[in-house]
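Enquirer: In the working numbering, the protein residues as written are 1043 to 1653. No residue lacks a Cβ here, since even glycine has one placed at the ideal position from N, Cα and C. Take this structure first; my questions come after.
This is the structure we're talking about:
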């Protein structure tokens, strides 16, 4: 068997050449990726990404097991039976090993590594790159049936020029008997018929991946992995603690080590047990150790259940890490441009933020990120879909083949990119909810109280596919997500990147989102920094410049206010596969046709922006 090489960067390998992923080996043949021989640790603690992995895999596990928050896929995450690695080499094997004579239709299957077969009449045959795929994860070659007359001759495959697979049929090359078995057979999992598709089509392999913002190394992880991490991140979102990694590191200080600090002081002063000063000081230190950090009382006052606090704290933690990544604020721009020609332009930024309901926009010039591909699915990227007959079809999540140590590898790469962090004014969100009739007026008059209130009424978003059941959460998520897509399209027109080359990271409970360059290269282009410095006013103005869609009024009414012509972006760019999007949240609901009264259970949205 001939061995040929293919050189690609780590980022290219992660998205195009993974195990189980079909791709074209140049112009020579279709192949399927195999597990690499050599891997190296990615340097990110597995425990750090556990919450994100659970959020990714949970919908698939629940759909397959039909048990809430349970399933064998989640057990692998909970038991830490996975490892984060980088693929150091690429391996692939020819696939499919099926060949078809384009002249007479003779179909042959050879073993992997065998030479290309010849048609007895027409010479060398061509690789037939149609394969079987199924939602269970099956990927296989087409299997010709045996002749009904037991001829034991090769079968012919006809009508392959037709786009309708149902018109294809098998016929015996010896007796000419047509087989009554369809080309698309039942899958061995008994979960329905396979889908016949050409590789490498996208439907044959959907990578299931997470993006980790500013991940710590194993050396720095210990300083962040204390029991107060999630509560501290929530306190940072409430401006109780200073933002960034340093605030997280110091969050557990003071109370937990109070006894140890006193013991060291007593030893230096020569105090012994029985000394009144020693006994009084020890009692005071023990009281502090049992009380928790001073800021914790403000977080506990929210009254959040422990599980909800952890989920909400995980979102706040990601936001805190993003904000600490070499950030440049509007104030930094004003400081740089003081007395210069750009000072007047930068002075218009804050009024523009107020006009469009933004609390702040921050440039992240060097944003460390890690892309992790935890596994893959076939046919659909979603946990469940509805077929033409109205039946629900379950998509199984597949891990990559396990290694000798019994763990499943998750392939990843660390890199740096640039991004713009948008934070919506929480007071404007509350006012919008009240004006739309979603909630009664809570009597809040400042942004800090508004953010605290949102944390108490919004449930953490844990499902990447389904809409939240809590209607306040659904409204805030829809507003944040729709805002992000409008911003993504406005930035793409000015930063030199296609909209599909940008990506989003949502912080819905915080009313914030990050738009970053979803780079496939190992350098920072600088397009988003250019927009932040020179074109941000134009980009913001475009947000509300056009409220209509070419498919209005059906799009804004019957279609849910979002379609491919207005809000949808590529699924590689969207964090939620284009779900929970609605232009009505941004521009207000259209009045009912013919002057009819709106339905009592239907929300009449007030415009968040004024065009």
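1) Which word fits residue 1131, buried or exposed, when buried means at least 16 other C-beta atoms lie within 10 angstroms of its C-beta?
2) Mind checking whether the beta-carbon of residue 1129 lies closer than 8 Å to any heavy atom of the ligand NAP?
3) Mapping the DSSP letters down to three states, classify residue 989 as helix, strand or coil.
4) Can you tell me which residues form a DSSP beta bridge with residue 1213?
5) Relative to the C-alpha of residue 1091, which candidate in 1479, 1453, 1545 has its C-alpha closest?
6) Distance, Cα to Cα, residue 1209 vs residue 1425?
7) Going by DSSP, name the residue or residues bridged to residue 1545.
8) Helix, strand or coil: which one does DSSP assign to residue 1631?
9) Give a yes or no on contact between the stretch 1458-1470 and the stretch 1093-1103, applying the rule of three or more CB pairs nearer than 8 Å.
10) If you follow the beta strand (DSSP E) that residue 1458 is in, where does it begin and where does it stop?
11) Here's the rule I'm using: 16 or more other beta-carbon atoms within 10 Å means buried, otherwise exposed. How should residue 1345 be labelled?
12) The beta strand (DSSP E) with residue 1271 in it runs from where to where?
13) Is DSSP giving residue 1530 helix, strand or coil here?
14) Measuring CA to CA, which of 1194, 1177, 1276, 1187 is closest to residue 1233?
15) Rounded C-beta distance between residue 1172 and residue 1240? I'm assuming under 8 Å.
16) Sorted by chain position, which residues of the same chain lie with C-beta nearer than 7 Å to residue 1495's C-beta, five sequence neighbours on each side aside?
17) So does the stretch 1601-1615 actually touch the stretch 1438-1451, counting three or more Cβ pairs closer than 8 Å?
18) Assign residue 1408 to one of three DSSP states: helix, strand, or coil.
19) Helix, strand or coil for residue 1137? Go by DSSP, reduced to three states.
20) Please identify the residue among 1618, 1317, 1583, 1266 whose C-alpha is closest to the C-alpha of residue 1396.
21) Grab the span of the beta strand (DSSP E) containing residue 1077 for me, first residue to last.
22) Considering residue 1256, what are the terminal residues of the beta strand (DSSP E) in which it resides?
23) From the DSSP secondary-structure annotation, give me the bridge partner or partners of residue 1369.
24) Tell me the DSSP secondary structure of residue 1124 in three-state form.
25) I need the straight-line Cα distance from residue 1383 to residue 1389, nearest angstrom please.
26) Would the beta-carbon of residue 1732 fall within 9 Å of that of residue 1464?
27) Using only the alpha-carbon positions, how far apart do residue 1058 and residue 1522 sit?
28) When DSSP builds the beta bridges, which residues end up paired with residue 1066?
29) What separation, rounded to the nearest whole angstrom, lies between the Cα atoms of residue 1460 and residue 1113?
30) Just tell me which of 1281, 1450, 1217, 1202 has its CA closest to the CA of residue 1493.
31) Count Cβ pairs between the stretch 1117-1132 and the stretch 1070-1087 that sit closer than 8 Å; are there 3 or more?
32) To the nearest angstrom, how far is the alpha carbon of residue 1212 from that of residue 1223?
33) If you measure from the beta carbon of residue 1609 to each beta carbon in chain D, is any gap under 9 Å?
34) With DSSP collapsed to three states, give me the class of residue 1053.
35) Since residue 1545 and residue 1615 are thought to touch, with beta carbons under 8 Å apart, how far apart are those beta carbons, to the nearest angstrom?
36) Where does residue 1581 land, buried or exposed, given buried means 16+ other C-beta within 10 angstroms?
Expert: Taking the structure as given:
1) exposed
2) Among the components of this structure there are no ligands whatsoever, and the ligand NAP is therefore not found.
3) Since the first residue of the chain shown is 1043 and the last is 1653, residue 989 is not available in this structure.
4) 1198, 1220
5) 1453
6) 30 Å
7) 1558
8) coil
9) no
10) 1450-1466
11) exposed
12) From DSSP, residue 1271 is part of no beta strand (DSSP E) but of the alpha helix (DSSP H) over 1271-1279.
13) helix
14) 1177
15) 5 Å
16) 1472, 1484, 1486
17) no
18) strand
19) coil
20) 1583
21) Premise fails: residue 1077 is in no beta strand (DSSP E) and is neither H nor E.
22) It is not in any beta strand (DSSP E) - residue 1256 carries neither H nor E in the DSSP assignment.
23) 1406
24) strand
25) 11 Å
26) In the structure as shown, the chain begins at 1043 and stops at 1653. Residue 1732 is therefore absent and cannot be evaluated.
27) 31 Å
28) 1072
29) 37 Å
30) 1281
31) yes
32) 8 Å
33) In the displayed structure, chain D is absent; only one protein chain is listed.
34) helix
35) 5 Å
36) buried
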